[in-house]
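Trainee: Numbering of the sequence shown is given in the working numbering, commencing with residue 0 and proceeding in unit increments.
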Amino acid sequence: MSPLRTRPPVELAVAAVQLVELRREARTYRGESVHEVPLNAGSRP
């Protein structure tokens, strides 16, 4: 078994996270955004 390789961290510019409700329709799934939470709300004066 070979050791796991490590990669340098990758910075992601994420401004918000969405809570999504999934519904199944026949053989497919549909997602609807229920709520959005901004991640930088309290970080700026």
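For every residue, glycine included, the Cβ atom is placed at its ideal position computed from N, Cα and C.
This one's a predicted model, so the numbers in the text were calculated from it and none came from an experiment.
Name the two residues that bound the continuous beta strand (DSSP E) containing residue 12.
Mentor: Note, residue 12: premise wrong, no beta strand (DSSP E); not H, not E.
Trainee: DSSP state of residue 5, grouped into three classes?
Mentor: Residue state, collapsed to three classes: coil.
Trainee: In its own chain, which residues sit with a C-beta less than 8 angstroms from the C-beta of residue 12, not counting the 5 before and 5 after it?
Mentor: Within the same chain, residue 12 has no close Cβ partners at all.
Trainee: Taking the straight line between their C-alpha atoms, what separation do you get for residue 33 and residue 7?
Mentor: Rounded to the nearest angstrom, the two C-alpha atoms are 34 angstroms apart.
Trainee: Helix, strand or coil for residue 38, going by three-state DSSP, please let me know.
Mentor: Residue 38 falls in the coil class under three-state DSSP.
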